[in-house]
Amino acid sequence: MHTDIDTAEIRQYFTGLQQRIVAALEAVDGKPFGRDAWQRPEGGDGISRVLEEGNVFERAGVNFSHVFGDKLPPSATAHRPELAGRGFEVMGVSLVLHPRNPHAPTVHMNVRCFLARAPGHDDVFWFGGGMDLTPYYGYEEDAIHFHRTCRDALAPFGAEWHPRFKAWCDRYFFLKHRNEPRGVGGIFFDDLNEPGFAASFALTRSVGDRFVDAYLPILRRRMDTPYGERERDFQAYRRGRYVEFNLVWDRGTLFGLQSNGRTEAILMSLPPIVKWRYDWKPETGSPEARLYADFLTGRDWLAAR
1 MHTDIDTAEI
11 RQYFTGLQQR
21 IVAALEAVDG
31 KPFGRDAWQR
41 PEGGDGISRV
51 LEEGNVFERA
61 GVNFSHVFGD
71 KLPPSATAHR
81 PELAGRGFEV
91 MGVSLVLHPR
101 NPHAPTVHMN
111 VRCFLARAPG
121 HDDVFWFGGG
131 MDLTPYYGYE
141 EDAIHFHRTC
151 RDALAPFGAE
161 WHPRFKAWCD
171 RYFFLKHRNE
181 PRGVGGIFFD
191 DLNEPGFAAS
201 FALTRSVGDR
211 FVDAYLPILR
221 RRMDTPYGER
231 ERDFQAYRRG
241 RYVEFNLVWD
251 RGTLFGLQSN
261 GRTEAILMSL
271 PPIVKWRYDW
281 KPETGSPEAR
291 LYADFLTGRD
301 WLAAR
């Protein structure tokens, strides 16, 4: 519990992180992100930075939000029932990037801070976030680089955090109705407050600060790889899994909608072109089949590395 949390400092970090990431992505794509500043009638505001039909990104969104409410929605108290009925303040940065090239993976990153408040009680805080990679055509060097950067982001805080958050990511970004992972994982954490406020905030900052290092080298390697209609078709099919997870299982989507957030900002994570087929299976031995056999396995990408 904590009574004197400086929310201005947290907000300053998150808005600065958004600006730094957008600048890095604009330098790669060559087109500017749009800017949508919005107000929430019940309390709070946000800034959505979105690029559609860019040179590299088919859709890219990097959102900041800072919202207040009198009562935590059900998605926030499902795992913390003792906080039901409290008011809340939550802020963070959430991004999803969908490159056009099927050889370049989709990526998600989120860092956030929750405060739960009740008269006569100290504030309860926790941090959450992480990042995960969703390739359509897998490359081992990409998965290894991404996981190594995630591990390095957590290393200053103790060796125990990375295996814990890696396993959490594998469990969370899993389509139970399909019995398959969404991608090759990364790190995920929630309800983080046990190290204390300063250390929890520092760990969360380290995750946010390493996102560009984790993703842009992969994007630069893949964004000009030749591709054809076959690859685009498979990309659209696999994007359907992304939509299914975000609309069926994702707690962040539920919280945003239940708290009456900015709907366009919440759903900007969805890819612009998607396909579904009935009970489709890839051809044995094909590059598409290799995604399932070698990458959607929850494996330890840093074993012996």
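In terms of the numbering used here, the sequence shown opens at residue 1 and continues consecutively.
All C-beta atoms, glycine included, are put in the ideal place defined by N, C-alpha and C.
These figures come from a predicted structure and were not determined experimentally.
Margin query: Along the chain, where does the beta strand (DSSP E) containing Ile144 start, and where does it finish?
Written below: The continuous stretches of beta strand (DSSP E) do not include Ile144, which lies in the alpha helix (DSSP H) extending over residues 140–154.
Next item on the list: Under 6 Å Cβ to Cβ from Gly54, same chain only, skipping five residues before and after it: list those, please.
Entry: Answer for Gly54: Asp29, Lys31, listed in chain order.
Check: So, are the CB atoms of Tyr136 and Pro102 less than 8 Å apart?
Finding: Closer than 8 Å, so yes.
Note to self: If you follow the alpha helix (DSSP H) that Ala236 is in, where does it begin and where does it stop?
What the structure shows: Residues 229–248.
Note to self: Applying the 10 Å Cβ sphere with the 16-neighbour rule, what's the burial state of Ile47?
What the structure shows: Here Ile47 is buried: its Cβ has 16 or more other Cβ atoms, across all protein chains shown, within 10 Å.
Margin query: Tell me the DSSP secondary structure of Arg11 in three-state form.
Written below: Note: Arg11 maps to helix in three-state DSSP.
Next item on the list: Please report how far the alpha carbon of Gly130 lies from the alpha carbon of Ser206, in whole angstroms.
Entry: Per the coordinates, the alpha-carbon of Gly130 lies some 10 Å from the alpha-carbon of Ser206.
Notebook entry, point to check: In this structure, what does DSSP give as the bridge partners for Ala60?
Noted result: The secondary-structure analysis by DSSP pairs Ala60 across a beta bridge with Leu51, Leu97.
Margin query: Among Ala116, Phe174, Ala159, Ile218, whose alpha-carbon lies nearest the alpha-carbon of Phe146?
Written below: Nearest option by C-alpha distance: Ile218.
Checklist line | Residues near Val22 by beta carbon distance below 6 Å, same chain, minus five either side | finding: Excluding sequence neighbours, Val22 sits near Phe33, Arg49, Val62.
Next item on the list: Would you grab the beta carbon distance between Glu89 and Thr7 for me? Rounded to a whole angstrom, and I think it's under 8 Å.
Entry: Between Glu89 and Thr7 a beta carbon distance of about 7 Å is seen, short of the 8 Å cut, so the two are scored as contacting.
Item checked: Extent of the continuous beta strand (DSSP E) to which Val124 belongs -> Where Val124 is concerned, the enclosing beta strand (DSSP E) stretches over 124–134.
Check: For Pro41, which of helix, strand or coil comes out of DSSP?
Finding: Of the three classes helix, strand and coil, the one that applies to Pro41 here is coil, per DSSP.
Checklist line | Nearest-angstrom beta carbon gap, Ala199 and Phe157 [assumed within contact, 8 Å] | finding: Yes, Phe157 and Ala199 are in contact; Cβ-Cβ is about 7 Å, under 8 Å.
Notebook entry, point to check: When we look at the beta-carbon of Tyr278 and count the other beta-carbons within 10 Å, is it buried (16 or more) or exposed?
Noted result: Around the beta carbon of Tyr278, fewer than 16 other beta carbons sit within 10 angstroms, so the residue counts as exposed.
Note to self: Considering only the alpha carbon of each residue, which of Glu26, Glu244, Trp38 lies closest to Ala60?
What the structure shows: Nearest option by C-alpha distance: Glu26.
Next item on the list: Check whether the region 94–108 touches the region 158–171, taking contact to mean three or more Cβ pairs, one atom from each stretch, closer than 8 Å.
Entry: Taking 8 Å as the limit for Cβ pairs, the verdict is that the region 158–171 does not touch the region 94–108.
Item checked: Straight-line gap, Glu58 to His108 (C-alpha atoms, nearest Å) -> Going from the Cα of Glu58 to the Cα of His108 covers about 15 Å.
Note to self: DSSP three-state label for His108, please.
What the structure shows: Judged by DSSP in its simplified three-state form, His108 adopts strand.
Next item on the list: Spell out whether any CB of chain C is found under 8 Å from the CB atom of Pro163.
Entry: The chain inventory of the structure shown lacks chain C, comprising one protein chain alone.
Margin query: Would Arg241 and Arg178 be called neighbours here (beta carbons separated by less than 8 Å)?
Written below: Yes. Within cutoff.
Notebook entry, point to check: How is His66 classed by DSSP in three states: helix, strand or coil?
Noted result: It is a strand residue.
Margin query: Checking 8 Å against the spacing of the C-beta atoms, do Asp132 and Gly183 come in under that value?
Written below: By the CB criterion at 8 Å, Asp132 and Gly183 fall inside the cutoff.
Checklist line | Neighbourhood of Val212 by C-beta distance below 8 Å, restricted to the same chain and skipping five residues each side | finding: The beta carbon of Val212 sits closer than 8 Å to the beta carbons of Arg20, Ile21, Ala24 from its chain, once the five residues preceding and following it are set aside; these are given in chain order.
Note to self: For the beta strand (DSSP E) containing Ile218, name the first residue and the last one.
What the structure shows: Secondary structure note for Ile218: it is in no beta strand (DSSP E), and the uninterrupted alpha helix (DSSP H) holding it is 211–222.
Note to self: Between Phe173, Thr297, Leu216, Tyr237, which has its C-alpha nearest Trp249's C-alpha?
What the structure shows: Nearest option by C-alpha distance: Phe173.
Margin query: So, at 8 Å on beta carbons, what are the nonlocal neighbours of Gly285 in its own chain, with the 5 sequence-adjacent residues on each side left out?
Written below: A distance below 8 Å between beta-carbons, with the five flanking residues on each side excluded, links Gly285 to no residue of its chain.
Check: Should Pro119 go down as buried or exposed, given a rule of 16 or more other Cβ atoms within 10 Å for buried?
Finding: Per the 10 Å Cβ criterion, exposed.
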